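The sequence shown begins at 2 in the numbering used here and counts up one residue at a time.
Ideal Cβ positions, reconstructed from N, Cα and C, are used throughout, including at glycine.
What you are looking at is a predicted structure, and each value in this text was computed from that prediction instead of being measured.
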Amino acid sequence: MVPEVSGGVSGGGINVTNYNDNYIHASGQLLVEIENNGIIRGVKFIASDLTLKARNLVVESVQNRISQTLSGMSIAIDFGKENTNLTVTPVSGEREAAWTEQVAQIIGTQTCNIVVKETLELAGAIIASAEIDESGRLTDRGRLEMELGSLITRNIYPN
Numbered sequence: 002m003v004p005e006v007s008g009g010v011s012g013g014g015i016n017v018t019n020y021n022d023n024y025i026h027a028s029g030q031l032l033v034e035i036e037n038n039g040i041i042r043g044v045k046f047i048a049s050d051l052t053l054k055a056r057n058l059v060v061e062s063v064q065n066r067i068s069q070t071l072s073g074m075s076i077a078i079d080f081g082k083e084n085t086n087l088t089v090t091p092v093s094g095e096r097e098a099a100w101t102e103q104v105a106q107i108i109g110t111q112t113c114n115i116v117v118k119e120t121l122e123l124a125g126a127i128i129a130s131a132e133i134d135e136s137g138r139l140t141d142r143g144r145l146e147m148e149l150g151s152l153i154t155r156n157i158y159p160n
């Protein structure tokens, strides 16, 4: 039997960003007037009759994120009959993930009117005139009106 000694050292870090629900909910009419530029990030506006006015508006969902790093090494010493072997093996890894739970929504359950004088930018967001069932699914009510200077849509990507 040949004796062997082994061990290792490791370290790492983890960074987590989680977003909570943000709601503005009105059972009747909700009028939001933004005099200049507005950014709605990860917020749900829900009302029976919803009107939103702005010069420029960005509506975007937010992503929860996790990033994790691991680094270290393993060391093994093998005491053979004729010689001794030392093995050092570096170990490293990283993991990143992003997922969306907080979808930005502007929902009028009866009517929804959006007036943006210049640019409306949507990033993974929902604007609708719809009823919301218990499971969160939307059923179109057919009463969405949007008056826009221009519209930009984009996906959400981890930074």
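### Query
Under 9 Å, do T120 and I157 count as touching if we go by C-beta distance?
For this step, residue 120 is matched to residue 119 along the sequence shown. For this step, residue 157 is matched to residue 156 along the sequence shown. No, these two residues do not count as a Cβ contact at 9 Å.
### Query
What's the C-alpha gap between V104 and S7?
Here the question's residue 104 lines up with position 103 in the sequence shown. Here the question's residue 7 lines up with position 6 in the sequence shown. Taking the straight line joining both Cα atoms gives about 50 Å.
### Task
Return yes when the Cβ of Q64 is within less than 9 Å of the Cβ of W100, no when it is not.
Locating residue 100 in the sequence shown gives position 99, where the first residue counts as 1. Locating residue 64 in the sequence shown gives position 63, where the first residue counts as 1. The answer is yes: Cβ separation under 9 Å.
### Nearest to T18 (by Cα), restricted to the options L87, A55, R66 and I40
Counting from 1 along the sequence shown, the entry for residue 18 is found at position 17. Of the candidates L87, A55, R66 and I40, the one whose C-alpha sits nearest the C-alpha of T18 is R66.
### Query
Are V117 and N57 closer than 9 Å when you measure CB to CB?
The residue you call residue 117 lines up with position 116 of the sequence shown. The residue you call residue 57 lines up with position 56 of the sequence shown. Their beta carbons are under 9 Å apart, which means V117 touches N57 by this criterion.
### Query
What residues in its chain sit with their C-beta under 6 Å from that of G94, if we drop five residues either side in the sequence?
Reading the sequence shown from its first residue, position 93 is the one you call residue 94. Correct list, in chain order: L71.
### Message
So for I67, helix, strand or coil by DSSP?
### Response
Along the sequence shown, read from residue 1 onward, the residue named residue 67 stands at position 66. It is a strand residue.
#### Entry: Length of the line joining the Cα atoms of I40 and L123
Here residue 40 refers to the residue found at position 39 when the sequence shown is read from its first residue. Here residue 123 refers to the residue found at position 122 when the sequence shown is read from its first residue. Roughly 10 Å separates the two Cα atoms.
### Query
Secondary structure at Y158, three-state DSSP: helix, strand or coil?
Within the sequence shown, the letter at position 157 stands for residue 158. Y158 falls in the coil class under three-state DSSP.
#### Entry: Inter-residue spacing [alpha-carbon to alpha-carbon] between E34 and N114
Sequence index remark: in the sequence shown, residue 34 carries index 33 (1-based). Sequence index remark: in the sequence shown, residue 114 carries index 113 (1-based). Spanning the two alpha carbons is a distance of roughly 12 Å.
### Message
Per DSSP, what are the beta-bridge partners of K45 in this structure?
### Response
As a working mapping, residue 45 is identified with position 44 in the sequence shown. For K45, which the question treats as bridged, DSSP gives the partners Y24 and Q106.
### Message
Let me check understanding here. Comparing Cα to Cα, which of E148, I108 and S151 lies closest to L139?
### Response
As a position in the sequence shown, residue 139 is number 138, starting the count at 1. Ranking E148, I108 and S151 by Cα distance to L139 puts I108 first.
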